[in-house]
Amino acid sequence: MTPNSNTRRLLGLDPGLTATGWGIVDVTGSRLVHVSNGTVKSNAKDALSDRLAMLHDGIRAIIEAHGPDEAAIESVFVSKDGQATLKLGQARGVAILAAAQAGLDVAEYAPNHIKKSVVGAGHADKRQMMAMVTMLLPQCDPHSEHSIDALAVAITHAHGSAGAARVAAAVGAKA
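Residue 109 in this note's numbering sits at position 114 of the sequence shown; the count goes up by one each step and never skips.
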């Protein structure tokens, strides 16, 4: 659970059938604190249904262990490989389902929006993403490029939802 009532705990998810990255960040005002990160993996030799169940169970365990208040996920991008896109969509659906079953609101962000939010450029590469995530969350020790991407999703959500909260508070104050 979050340390105090002013802190929101965010779960970022970078979905994939073989590896789904996850990252937990606490947000207090504009301050970001790394909590944990990792990767839920499935075995490519297993049946699709077993792989999706493994991802679901892994994400549910993370949610139970860390008690996030909200979740955010990278939206699907369409690749030239239709089968890969379909499998990514299935993994994404399972991740959204796991968060929704836990009662979490789930925000979605396009890959280029995440890169622009974290690095400042919509076509940033993996190296640039890692450098910025570790600069914004100096206490993090990323377990994989998938967990780096998931932490970037959480950072993007922290920035986006904080702005929305400020606008909502300003509108509410005028009412």
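All residues carry an ideal CB built from backbone N, CA and C; glycine is no exception.
Small disclaimer: the values here were computed from a predicted structure and weren't measured.
Does any C-beta atom of chain B lie closer than 8 Å to the C-beta of residue i?
{"i": "Ser25", "result": "This model lacks chain B altogether; it includes just one protein chain."}
Quick test of your reading: residue i and residue j, contact by CB under 8 Å. State the CB separation rounded to the nearest angstrom.
{"i": "Val89", "j": "Ala95", "result": "Between Ala95 and Val89 the Cβ distance is about 11 Å, and since that is not below 8 Å, they are no contact."}
{"i": "Thr15", "j": "Ile54", "result": "7 Å"}
{"i": "Val22", "j": "Ala153", "result": "5 Å"}
{"i": "Ile68", "j": "Pro10", "result": "6 Å"}
{"i": "Asp64", "j": "Arg3", "result": "5 Å"}
{"i": "Leu92", "j": "His51", "result": "7 Å"}
Can you look up residue i in the DSSP assignment and give me helix, strand or coil?
{"i": "Lys36", "result": "strand"}
{"i": "Ala116", "result": "coil"}
{"i": "Gly155", "result": "helix"}
{"i": "His141", "result": "helix"}
Ends of the alpha helix (DSSP H) at residue i?
{"i": "Leu43", "result": "Leu43 to His61"}
{"i": "Ala98", "result": "For the sequence presented, residue 98 should be read as Gly rather than Ala. Element bounds for Gly98: n/a, residue is neither H nor E."}
{"i": "Leu8", "result": "Segment Thr2 to Asp9 is the beta strand (DSSP E) holding Leu8; no alpha helix (DSSP H) there."}
{"i": "Leu131", "result": "Lys121 to Leu131"}
Let's see if you can read the secondary structure: which residues bound the beta strand (DSSP E) around residue i?
{"i": "Val20", "result": "Ala14 to Thr23"}
{"i": "Ala66", "result": "Glu65 to Glu69"}
Spatial neighbours of residue i within its chain, please: C-beta separation below 7 Å, excluding the five flanking residues on both sides.
{"i": "Glu140", "result": "Lys121"}
{"i": "Ser70", "result": "Glu103, Tyr104 and Ala105"}
{"i": "Ser0", "result": "none"}
{"i": "Val114", "result": "Gln123, Met124 and Met127"}
Beta-carbon within less than 8 Å of residue i's beta-carbon, same chain only, minus the 5 sequence neighbours each way: which residues are those?
{"i": "Thr34", "result": "Ala14, Thr15, Gly16, Trp17, His138, Ser139, His141 and Ser142"}
{"i": "Gly84", "result": "Val71"}
{"i": "Leu132", "result": "Val20, Leu27, Val28, His29, Leu146 and Ile150"}
Apart from the five residues on each side of it in sequence, which residues of its chain come closer than 6 Å, Cβ to Cβ, to residue i?
{"i": "Lys36", "result": "Ala14"}
{"i": "Ala97", "result": "Ile58"}
{"i": "Gly155", "result": "none"}
{"i": "Met107", "result": "Strictly speaking, residue 107 in this sequence is Asn, with Met absent from that position. So the list reads Gly117, once near-sequence residues are dropped."}
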